[in-house]
Structure formats: C-alpha cells, structure tokens
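Residue numbers (this note's numbering): 2 to 362.
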C-alpha cells in the first residue's frame, strides 16, 4: 500500500490578508472607520479578496443602518457529531459579542459570521462572501488568510493580529459554567484542573491495573517505539483506539489503569491537545511528550507526568520511573494542572482576543 506523506503548501496569493494594505484595512474597520475601509476596497476591486471584503463591509453597514441587534453564525466543515446550535465556539462568540443576540443558522447566505474547519472535505464558500470568516483549526496545521479573516488555532503566533490562540486542550474545560456536556464532548469544571489532586481522591488506586494504557488513533512512530521498549522491559501496555480496540468512554477506561501513555501526535510549540487533561482527570500518571510546559499547562513530576521533552530520558530511566510510579502503594498528591490565575487569564484573553478581531461585524 502506498504511503502518502502530506504537507501544507501555500500558493503565492494565499496570504493576501497579511499584506500591509490588508492589515491597514483591518485596523480601519476595527476602529470603526468604515468610510476609509470602503475606499480601500474600491481601490483594490480587481482582486477577489477585496471584492469579498467590500461585500462584507457593505453587509455590516446595512446591518447598522437597519439597527439589527442579532448576528447569525454559520458552521461548515466541522466534525461529524458537532452540534451547530450548541457548541463551545458559539458560546465563545456569544461572550465575545455580548451586545448582540447570537444564534446559529444553517443558511450560509444569511450568515454574518461563518466558521469553517478541516474535518469534512472541501467547502462551498460562494454563499458566505458577505460574512466575516473564521477558520478553526484543531490540528497541528497553519492558517491561511486569503479566504479567511480570523483564525482560532493551536498556534500561538499572532499572524499580524489575525490569529487567536485556542489550543485543543481548552475544549475540555467548562469555562462558561454550563454544568452539562455538549453533544460532541464532556466538559469538566475548571476547579478539577486548577485544584490540587490529593491521594485520597483516588480511592480506587489499589484496584487499578498495574499496567500502562495507550488510547489513540494514530500509530505515530515515537509512541509505538516507546510502547515496544516498555514491553521489552517487562512493563505491560494495553492499547486501545480505532486501529485496535475502539473506546466509548475514554476517561472511564483510563480510571482503570495507573499509567497512561499520552504522547501528542506531533510536537510544535503551542500544540497541546486533550491528552494530558484526560490523563490528569482520570488520575493516571502520564508518560507524555510535548512542550506543554512552555504554554499554560504544567506537565512535570509535580502534576504526575514524565514529560520526555523536559527530561533527557534513556529508555532504562523511563522504565525505572514508570515501574516506580506503577508500583506505588499510594498515588502521589498532584499539583494543579494549571493555576487558577493562569486559567482565568487564558479564558479572559481568549474572549477579549476574539472580541478585538470581530467586534466591528
């Protein structure tokens, strides 16, 4: 079977939204100088990008003249069980624009804001030319700023002020205190990751398997190598996922084990998924591989992780640490995965960052 090694390739005009003129235009509309914004568009109408921004700005001005107090959000390309009427991105937009009545629509042509993602093939974008377009990327890929105006991504780089950092792990936390799950995922109270996890909270520790568990859908070579090495040194590792044994309740399964191998699929600054959060919430000791410690989450021995990016571990030392943790009679007390102050700053910054980029709509 042939192997396809995909890569991102951007054509020469794919980042027109990062040119000086485009960034100056963005500053004009954010400041509310719509007249100069219109003039900028009219001077550039020979290109599709400026034709689209002109249509978008005319829609905004019509809304203001008509006194509209609602804004409609359209979603396309999201994951299969995504609910367009009840999801975290819609809740985030509501917090970012509290002066509008925000709701979703399934009619692309009436959208004021369109949110696209990368999970369901190609998009038909012809009906959303008048809307502000947001690109949501939960994968370790870079955004494009020709068809999109704002991005929500795993990448902390601002890209001329167009990108807002929204790492995947943040989707696991109930930031808006709704107290119930979304259709596509459970969310966990902020206090569960910002409070110390004491040994007595893991009352089932004695009954847990003295094994490691790996749950994943990507046979990434580093994690497969580590699993092989651990097994070769006498440590049992059970593997689950779409490529082996599918799992319905991931957290429930993790709570039956003492150690979780929770490597990220790839390592790039800022790319931190749900994996360390799930390991922490399940009370597992995590064998992890990421630079999460350089962002918001604390993934070191104090929080119950052996993070291979922080320690130059030989396989022998990794085996020794894993066996010591696995055989512990009482689990160690663990520091918060993220401090309350950092968590509050993160969600406030996410809301304000998005507001600054879309409030003019």
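Glycine included, every Cβ here is placed at the ideal spot set by N, Cα and C.
Quick check on DSSP: helix, strand or coil for residue i?
{"i": "residue 262", "result": "strand"}
{"i": "residue 195", "result": "helix"}
{"i": "residue 110", "result": "helix"}
{"i": "residue 85", "result": "coil"}
{"i": "residue 178", "result": "coil"}
{"i": "residue 72", "result": "strand"}
{"i": "residue 103", "result": "strand"}
{"i": "residue 93", "result": "helix"}
{"i": "residue 287", "result": "strand"}
{"i": "residue 131", "result": "coil"}
{"i": "residue 136", "result": "strand"}
{"i": "residue 4", "result": "Confidence in residue 4 is poor, its pLDDT being 43 and thus under 50, which makes the residue's placement too unreliable to answer from."}
{"i": "residue 349", "result": "helix"}
{"i": "residue 257", "result": "coil"}
{"i": "residue 304", "result": "helix"}
{"i": "residue 146", "result": "coil"}
{"i": "residue 203", "result": "coil"}
{"i": "residue 239", "result": "strand"}
{"i": "residue 328", "result": "coil"}
{"i": "residue 120", "result": "coil"}
{"i": "residue 1", "result": "Any answer about residue 1 is impossible in this case: the structure gives the chain only from 2 up to 362."}
{"i": "residue 190", "result": "coil"}
{"i": "residue 216", "result": "strand"}
{"i": "residue 341", "result": "helix"}
{"i": "residue 155", "result": "coil"}
{"i": "residue 281", "result": "helix"}
{"i": "residue 245", "result": "coil"}
{"i": "residue 50", "result": "helix"}
With a cut-off of 8 Å on the beta carbons, I'd call residue i and residue j a contact; round off their distance for me.
{"i": "residue 273", "j": "residue 169", "result": "7 Å"}
{"i": "residue 362", "j": "residue 103", "result": "Not really, about 11 Å apart at Cβ, beyond 8 Å."}
{"i": "residue 262", "j": "residue 310", "result": "With a Cβ gap of about 14 Å, residue 262 and residue 310 do not count as contacting."}
{"i": "residue 120", "j": "residue 80", "result": "5 Å"}
{"i": "residue 174", "j": "residue 189", "result": "6 Å"}
{"i": "residue 37", "j": "residue 29", "result": "5 Å"}
{"i": "residue 93", "j": "residue 352", "result": "7 Å"}
Taking the straight line between their C-alpha atoms, what separation do you get for residue i and residue j?
{"i": "residue 145", "j": "residue 11", "result": "8 Å"}
{"i": "residue 61", "j": "residue 358", "result": "14 Å"}
{"i": "residue 24", "j": "residue 31", "result": "11 Å"}
{"i": "residue 108", "j": "residue 75", "result": "7 Å"}
{"i": "residue 33", "j": "residue 39", "result": "11 Å"}
{"i": "residue 302", "j": "residue 137", "result": "32 Å"}
{"i": "residue 78", "j": "residue 132", "result": "16 Å"}
{"i": "residue 15", "j": "residue 147", "result": "5 Å"}
{"i": "residue 308", "j": "residue 321", "result": "14 Å"}
{"i": "residue 279", "j": "residue 300", "result": "12 Å"}
{"i": "residue 195", "j": "residue 344", "result": "8 Å"}
{"i": "residue 203", "j": "residue 237", "result": "22 Å"}
{"i": "residue 347", "j": "residue 296", "result": "10 Å"}
{"i": "residue 356", "j": "residue 245", "result": "43 Å"}
{"i": "residue 55", "j": "residue 129", "result": "13 Å"}
{"i": "residue 319", "j": "residue 298", "result": "22 Å"}
{"i": "residue 162", "j": "residue 82", "result": "31 Å"}
{"i": "residue 99", "j": "residue 193", "result": "27 Å"}
{"i": "residue 167", "j": "residue 289", "result": "21 Å"}
{"i": "residue 1", "j": "residue 153", "result": "Outside the shown range of the chain (2 to 362) lies residue 1, about which nothing can therefore be said."}
{"i": "residue 140", "j": "residue 221", "result": "15 Å"}
{"i": "residue 110", "j": "residue 259", "result": "51 Å"}
{"i": "residue 225", "j": "residue 266", "result": "11 Å"}
{"i": "residue 233", "j": "residue 324", "result": "13 Å"}
{"i": "residue 342", "j": "residue 176", "result": "14 Å"}
{"i": "residue 13", "j": "residue 44", "result": "21 Å"}
Does the Cβ of residue i have 16 or more other Cβ atoms within 10 Å, making it buried, or fewer, making it exposed?
{"i": "residue 112", "result": "buried"}
{"i": "residue 164", "result": "buried"}
{"i": "residue 184", "result": "exposed"}
{"i": "residue 330", "result": "exposed"}
{"i": "residue 49", "result": "exposed"}
{"i": "residue 5", "result": "Below a pLDDT of 50, predicted positions are generally treated as unreliable, and residue 5, at 47, falls in that range; the measurement from the model is reported next regardless. Counting Cβ neighbours within 10 Å, residue 5 comes out exposed, since fewer than 16 surround it."}
{"i": "residue 150", "result": "buried"}
{"i": "residue 2", "result": "Confidence at residue 2 is low in this model, with a pLDDT of 41, below 50, so the placement of that residue is unreliable and no value is reported for it."}
{"i": "residue 229", "result": "exposed"}
{"i": "residue 57", "result": "buried"}
{"i": "residue 27", "result": "buried"}
{"i": "residue 277", "result": "buried"}
{"i": "residue 97", "result": "buried"}
{"i": "residue 70", "result": "exposed"}
{"i": "residue 125", "result": "exposed"}
{"i": "residue 227", "result": "buried"}
{"i": "residue 155", "result": "buried"}
{"i": "residue 160", "result": "buried"}
{"i": "residue 41", "result": "buried"}
Three CB pairs or more closer than 8 Å across the stretch 75-86 and the stretch 49-66: no
If contact is defined by three or more beta carbon pairs under 8 Å, each pair taking one atom from either stretch, is the stretch 330-338 in contact with the stretch 189-202? yes
Could you check whether the stretch 237-252 touches the stretch 208-221, counting it as contact only if at least three pairs of C-beta atoms, one from each stretch, sit closer than 8 Å? yes
Would you check if the stretch 269-289 and the stretch 249-256 touch, i.e. whether three or more CB-CB distances between them fall below 8 Å? yes
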